[in-house]
Structures are given as structure tokens and as C-alpha cells.
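Worksheet: the structure to be examined is printed underneath.
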Amino acid sequence: EAQVTQNPRYLITVTGKKLTVTCSQNMNHEYMSWYRQDPGLGLRQIYYSMNVEVTDKGDVPEGYKVSRKEKRNFPLILESPSPNQTSLYFCASRRTGGGVVYGYTFGSGTRLTVV
Amino acid sequence: QKEVEQNSGPLSVPEGAIASLNCTYSDRGSQSFFWYRQYSGKSPELIMFIYSNGDKEDGRFTAQLNKASQYVSLLIRDSQPSDSATYLCAVNRGGGGADGLTFGKGTHLIIQP
């Protein structure tokens, strides 16, 4: 089944303790992206990647890091989490081809709580 | 700052009627437009995308795009209770080499049985 897989689904952590949220897609997509969703603010892009070793900032990159060492994986790293990073996080990927911008397919989400 | 605006609702529609959802966007350079459906606590699910002015139909869904007015809409015919969800309008941010989507905050749709 074609999908974007995120882990973990739920995570409670303490301020300052480094964590990584993993994301993997099995569709051979070049483009991948991370979003966070907060009540009243909607979905906002954190980082995106257009291919292996090519990443760039979205709208809210502060406090986050990403890497793209393999095409299928795009982990999100919080080096020193803070309570304002408590949110619902989504990883997404999309294909390219023929000059068409296809829509993103989203993972199931990771609900992160930082206390 | 590129923006996508939607009425937050809730929009209440009787079962079997047509639900009409609207969206405006600020970036005239936007080329690709998407509608996602999101059930509470779940991930967004792509239901329609449109690139050209005019209408695009897929089953009970019709997306409409008017680039001159910077307006996108989604019509849902024969609305069902299972259509009750939040509908997110999204615009590709491809200008300047960037990628990803700018989302509106969503319209909460309620289909009344």
C-alpha cells in the first residue's frame, strides 16, 4: 500500500530532551515536507525537501532540523523541545512529472506534547 | 506573506443538498490549487486539485477556479453525513523555487441528516 508512515503517533516529552520524529514514504517521491497544525493557526510548513540532500525552510523552521540522506526518509529533529512546540505534526510527500504540481499525500500525524 | 482565506464556519447543509465552500488567495502567481478533507484528529486527505480556470468534476465533487478573481470553490452535490468534516483549501507555493502548500484555516462543514 502506498503510504507515508510517521512514528511515533503520540509522544510526551520534557523540555530540552532531544527527539526525532521519523517519516518514511514508499512511493519514490522526490518532494517531502513537514507541517505542524495548531488550533486557530491551521497547517503551517516547517521544512521541505526537493530531493536527497536538498532541504529548505518553510514558514516556521525555528527550533527544528531535518535531514534527507535517503529518498524515502525525512526525519524531523527537535534538538531542545520547548512547550510551544506542542502540536500535531504531519509529514507529507508528493510526486513530480510532466511539469504538473501534484498534491501532497499526508502521513497519519504525530501528536507531540512537551511539558 | 502569501495567504489563503476561508470562512471558518460552521457551514450547516441538509443531507442531499449542495454544499458550497469558498476560498480566496493572495498570490497571483499561484498555479495549483487543492482541496483537502480532514476529519477530526485525522490527517488531511486530498479530494480535488485544479490548475486551469473553469470547472473540474470528480463524482459528487466539483472544483471551480477563477484566477482573475483569485477565487477557488468546491461544490459537494448530494451531501451525505459522512461529508461532515473540515475542508482545507491549499495553494502551491512554487514561486522562487520553494515548494509545499499554503493552507487556509479550513471550513467546518456539517451535513444535517
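These protein sequences, in sequence, are chains S and R. Be aware that the first sequence starts at 1139, since it is given in our numbering, and climbs by one per residue. Be aware that the second sequence starts at 21, since it is given in our numbering, and climbs by one per residue. Where is the CB? At the ideal position from N, CA and C, for every residue including glycine.
Between which two residues does the beta strand (DSSP E) harbouring residue i extend?
{"i": "A39 (chain R)", "result": "A39 to Y45"}
{"i": "Y107 (chain R)", "result": "A105 to N112"}
{"i": "Y1102 (chain S)", "result": "Any answer about residue 1102 (chain S) is impossible in this case: the structure gives chain S only from 1139 up to 1253."}
{"i": "G74 (chain R)", "result": "G74 to D78"}
{"i": "Y91 (chain R)", "result": "Y91 to I96"}
{"i": "Q51 (chain R)", "result": "Run containing Q51 (chain R): none; DSSP gives neither H nor E here."}
{"i": "S32 (chain R)", "result": "L31 to P34"}
{"i": "E65 (chain R)", "result": "E65 to I70"}
{"i": "V1252 (chain S)", "result": "T1248 to V1252"}
{"i": "F1212 (chain S)", "result": "Counting along the chain, F1212 (chain S) falls outside any beta strand (DSSP E), and DSSP gives it neither H nor E."}
{"i": "N86 (chain R)", "result": "F81 to N86"}
{"i": "Q132 (chain R)", "result": "T127 to Q132"}
Considering Cα atoms alone, identify which of the options is closest to residue i.
{"i": "N1222 (chain S)", "options": "S:Q1163, S:G1241, S:Q1144 and S:V1198", "result": "S:V1198"}
{"i": "V1190 (chain S)", "options": "S:M1170, S:Q1144 and S:K1203", "result": "S:M1170"}
{"i": "S1187 (chain S)", "options": "S:T1248, S:R1232 and S:G1237", "result": "S:R1232"}
{"i": "Q1141 (chain S)", "options": "S:C1229, S:Y1148 and S:G1235", "result": "S:C1229"}
{"i": "S1220 (chain S)", "options": "S:V1253, S:Q1144, S:D1194 and S:G1235", "result": "S:V1253"}
{"i": "G79 (chain R)", "options": "R:T122, R:M68 and R:N27", "result": "R:M68"}
{"i": "A110 (chain R)", "options": "R:G36, R:L85 and R:G74", "result": "R:L85"}
{"i": "K125 (chain R)", "options": "S:V1152, S:L1179 and S:R1147", "result": "S:L1179"}
{"i": "L1250 (chain S)", "options": "R:F81, R:G61, R:S72 and R:R97", "result": "R:G61"}
{"i": "D1194 (chain S)", "options": "S:Y1202, S:T1151, S:G1237 and S:Y1185", "result": "S:Y1185"}
{"i": "R1147 (chain S)", "options": "R:Y107, R:S63 and R:S72", "result": "R:S63"}
{"i": "I131 (chain R)", "options": "R:V24, R:K22, R:E23 and R:S32", "result": "R:S32"}
If we define contact as Cβ-Cβ less than 8 Å, is residue i a contact residue for chain S?
{"i": "S52 (chain R)", "result": "yes"}
{"i": "D119 (chain R)", "result": "yes"}
{"i": "G49 (chain R)", "result": "no"}
{"i": "P64 (chain R)", "result": "yes"}
{"i": "F123 (chain R)", "result": "yes"}
{"i": "F69 (chain R)", "result": "yes"}
{"i": "N112 (chain R)", "result": "yes"}
{"i": "G126 (chain R)", "result": "yes"}
Taking C-beta pairs closer than 7 Å, name the residues in chain A that residue i reaches, listed in chain order.
{"i": "K76 (chain R)", "result": "No chain A is present in this structure, whose protein chains are S and R."}
Under a CB-based cut-off of 8 Å, is residue i close to chain R?
{"i": "M1188 (chain S)", "result": "yes"}
{"i": "S1220 (chain S)", "result": "no"}
{"i": "D1194 (chain S)", "result": "yes"}
{"i": "Q1223 (chain S)", "result": "no"}
{"i": "Q1183 (chain S)", "result": "yes"}
{"i": "M1171 (chain S)", "result": "Reading off the sequence, residue 1171 (chain S) comes out as Ser, not Met. Judged by the 8 Å Cβ criterion, S1171 (chain S) is in contact with chain R."}
{"i": "V1239 (chain S)", "result": "yes"}
{"i": "S1246 (chain S)", "result": "yes"}
{"i": "G1154 (chain S)", "result": "no"}
{"i": "Y1148 (chain S)", "result": "no"}
{"i": "Y1242 (chain S)", "result": "yes"}
{"i": "F1228 (chain S)", "result": "yes"}
{"i": "G1180 (chain S)", "result": "yes"}
- prompt: What are the complete beta strand (DSSP E) segments, minimum 3 residues, inside the region 1139–1203 of chain S?
  reply: When DSSP assignments are scanned along the region 1139–1203 of chain S, the uninterrupted stretches of beta strand (DSSP E) that are 3 or more residues long and fall wholly within it turn out to be 1142–1145, 1148–1151, 1157–1163, 1169–1176, 1180–1189 and 1192–1195.
message: Pairs of beta-carbons, one from the region 1200–1218 of chain S and one from the region 36–45 of chain R, closer than 8 Å: are there three or more?
response: The region 1200–1218 of chain S makes no contact with the region 36–45 of chain R, as fewer than three CB pairs between them are under 8 Å.
- prompt: Counting Cβ pairs, one atom from each stretch, are 3 or more of them under 8 Å apart for the region 1155–1170 of chain S and the region 92–110 of chain R?
  reply: Too few Cβ pairs lie closer than 8 Å, so no.
query: Should the region 53–65 of chain R be called in touch with the region 1239–1252 of chain S, which here means at least 3 C-beta pairs below 8 Å?
result: For the pair of segments examined, the region 53–65 of chain R was found to touch the region 1239–1252 of chain S: the number of CB pairs separated by less than 8 Å reaches three.
Contact between the region 1140–1158 of chain S and the region 1212–1229 of chain S (3+ Cβ pairs under 8 Å): Touching, yes, given that three or more Cβ pairs across the two stretches are closer than 8 Å.
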